[in-house]
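Before any comments, here is the structure.
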Amino acid sequence: MITLPTVTGPLPIHSVTGPVLPHEHLVLDLDRTGDRAAVLHPEHHAPAVTGELAALREDFGLSLLIEPTCRGMGRDAPALARISRASGVAVIAATGWYYEPFHPPEIRGDPVELLTETLVREIVDGIGYETGYGYGTGTGTGTAYSTGTGTGTGTGTSTSTSTAYDTSHGPGVGIHPSGARPARIRPGLIGEVGSHGEEPSEPEARVLRAAARAARATGLSVATHAHLGHGGPAQLALLTHEGLAPERVSIGHQDLLDQPSVHRALAASGAYIAFDTIGKERYRSDGERLRSLLALLDAGHADRALLSCDISRHAYLRSEGGQGYGHLFHAFLPALRAAGADDALLDLLTRRNPLRFLTGTDPGPRTPTPGPTPQEP
Numbered sequence: 001m002i003t004l005p006t007v008t009g010p011l012p013i014h015s016v017t018g019p020v021l022p023h024e025h026l027v028l029d030l031d032r033t034g035d036r037a038a039v040l041h042p043e044h045h046a047p048a049v050t051g052e053l054a055a056l057r058e059d060f061g062l063s064l065l066i067e068p069t070c071r072g073m074g075r076d077a078p079a080l081a082r083i084s085r086a087s088g089v090a091v092i093a094a095t096g097w098y099y100e101p102f103h104p105p106e107i108r109g110d111p112v113e114l115l116t117e118t119l120v121r122e123i124v125d126g127i128g129y130e131t132g133y134g135y136g137t138g139t140g141t142g143t144a145y146s147t148g149t150g151t152g153t154g155t156g157t158s159t160s161t162s163t164a165y166d167t168s169h170g171p172g173v174g175i176h177p178s179g180a181r182p183a184r185i186r187p188g189l190i191g192e193v194g195s196h197g198e199e200p201s202e203p204e205a206r207v208l209r210a211a212a213r214a215a216r217a218t219g220l221s222v223a224t225h226a227h228l229g230h231g232g233p234a235q236l237a238l239l240t241h242e243g244l245a246p247e248r249v250s251i252g253h254q255d256l257l258d259q260p261s262v263h264r265a266l267a268a269s270g271a272y273i274a275f276d277t278i279g280k281e282r283y284r285s286d287g288e289r290l291r292s293l294l295a296l297l298d299a300g301h302a303d304r305a306l307l308s309c310d311i312s313r314h315a316y317l318r319s320e321g322g323q324g325y326g327h328l329f330h331a332f333l334p335a336l337r338a339a340g341a342d343d344a345l346l347d348l349l350t351r352r353n354p355l356r357f358l359t360g361t362d363p364g365p366r367t368p369t370p371g372p373t374p375q376e377p
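In terms of UniProt numbering, the sequence shown opens at residue 1 and continues consecutively.
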């Protein structure tokens, strides 16, 4: 039985019967220059985030969300677990490094081999623990996130004098007063590993190579950040040169790139084409996104498309007047249906494709719910 490593434990793939959002941030900190809008705080914004996800689960059957916030982006695995449990939506966390302006100091000198070891260690040993009761100790050499009461230990910065869990170089070990060990949280994706420009910089190339090697070693898939849609072919070339199958790669932000020939070539190779900034109209209109998606579908690549909204600033939340995580369901999918998409195609795009990307296995069409047995006359 195929299972998905979610932040609250293994999830059988057959239990994912509703749509999947393959690229959404729930907790995030991209503030490097005083841009506090580029933050989704694990406490301040979590209630709004949780409420949106719970509503999407109720209204559209949202089953799973892939959260590609990785090292250096403000990742907080225990917070993801709390949001997942409160909303009822399964969440997959990630490991990796974003593009160069957001690289932590470790990237500057570490060779590919050490970067690969770091990723594999996080995938195997985990990136934190569920901390519903908040007791324990944490040790490590990265940022220590405080999540409870007690004393935090570790090299890094703790947000208070509470229990510290390192989420950069390995998890701390949390112990409940009863002696029970909290559940270990393991990432289920390598991403979003990025580049900016048509060719990756030298540090970005090292990260991409390490991502490919770690993916091969662990069986996880790789999702990329192609800045403003550019650089996808070079990213894929690096990843596949390291032996990673293109079918285990998603090239990000392709809905920002108006180059159908690039989309077709990437899809023909087997890679997934992520139309994952839907609703961000200051970059490109949804009408243009729909046109690009239809061109990809008409070219015979419906099984390579992924759809998401990439909520990455708190102003995008519905509580602050933004489009929210549900924009895909409220606006874009109805437009796609009006353009001729049927239920089977929508299920392919929103459930089967992301699950196949994650696992390498197609879960198949959704099984119809049997109706009542007819009564004998």
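Quick reminder that beta carbons are idealized off the backbone N, C-alpha and C, glycines included.
Because the structure is a prediction, the values reported are computed rather than measured.
{"Check": "Label M73 either buried or exposed according to how many other C-beta atoms from any shown protein chain fall within 10 Å of its C-beta, with 16 as the threshold for buried.", "Outcome": "buried"}
{"Check": "Take residue 399 and list the residues in its own chain whose beta-carbon comes closer than 7 Å to its own, dropping the five residues that flank it on each side.", "Outcome": "The shown model of the chain, from 1 to 377, leaves out residue 399, and the question about it has no answer."}
{"Check": "Got a sec: does the ligand COA put a non-hydrogen atom nearer than 7 Å to the Cβ of T116?", "Outcome": "Among the ligands in the structure shown, none appear at all, so the ligand COA cannot be discussed."}
{"Check": "Have a look at D286, H330 and V7 and flag the residue whose alpha-carbon is nearest the alpha-carbon of Y129.", "Outcome": "V7"}
{"Check": "Please report how far the alpha carbon of V193 lies from the alpha carbon of Y99, in whole angstroms.", "Outcome": "6 Å"}
{"Check": "Just list the residues that DSSP pairs D347 with in beta bridges.", "Outcome": "Its beta-bridge partners do not exist; DSSP assigns none."}
{"Check": "Under 8 Å Cβ to Cβ from R75, same chain only, skipping five residues before and after it: list those, please.", "Outcome": "V27, T69, A93, A94, I127 and T167"}
{"Check": "Could you tell me the alpha carbon to alpha carbon distance between R32 and P101, rounded to whole angstroms?", "Outcome": "9 Å"}
{"Check": "Tell me the residue span of the beta strand (DSSP E) that contains I251.", "Outcome": "V249 to I251"}
{"Check": "Quick one: what does DSSP say I92 is sitting in, helix, strand or coil?", "Outcome": "strand"}
{"Check": "Relative to the alpha-carbon of L349, which residue among L189, P12 and G18 has its alpha-carbon at the smallest distance?", "Outcome": "G18"}
{"Check": "Write down the C-beta distance between L4 and G188 rounded to the nearest angstrom, noting that I regard them as a contact closer than 8 Å.", "Outcome": "6 Å"}
{"Check": "Nearest by alpha-carbon distance to E58: which of D258, G326 and V112 is it?", "Outcome": "G326"}
{"Check": "Would DSSP call A339 helix, strand or coil?", "Outcome": "coil"}
{"Check": "So what does DSSP say about H176, is it helix, strand or coil?", "Outcome": "Reliability fails at H176, whose pLDDT of 42 lies under 50, so the model's placement of it is uncertain and no value is given."}
{"Check": "Would you tell me roughly how many angstroms separate the C-alpha atoms of A344 and P365, rounded to the nearest one?", "Outcome": "7 Å"}
{"Check": "Under the three-state reduction of DSSP, which class applies to S195: helix, strand or coil?", "Outcome": "strand"}
{"Check": "Looking only at C-alpha atoms, which of R216, G324, S308 and G219 sits nearest to I251?", "Outcome": "S308"}
{"Check": "State buried or exposed for residue 383, treating a residue as buried only when at least 16 other CB atoms are found within 10 Å of its CB.", "Outcome": "Because the chain in this structure spans residues 1 to 377, residue 383 falls outside the shown range and cannot be described."}
{"Check": "So residue 384 and L56 are supposed to be a Cβ contact under 8 Å. How far apart are they, rounded?", "Outcome": "For the chain, the structure presents residues 1 to 377; residue 384 sits outside this window and is missing."}
{"Check": "Look at the Cβ atom of S195, then the Cβ atom of Q235, and state whether they are nearer than 8 Å.", "Outcome": "yes"}
{"Check": "Could you have a look at Y165 and say whether DSSP puts it in helix, strand or coil?", "Outcome": "Only weak support is given to the placement of Y165: the predicted model assigns it a pLDDT of 27, under 50, and the value that follows is read from those uncertain coordinates. Strand."}
{"Check": "For V20, does the three-state DSSP call read helix, strand or coil?", "Outcome": "strand"}
{"Check": "Just list the residues that DSSP pairs L306 with in beta bridges.", "Outcome": "A274"}
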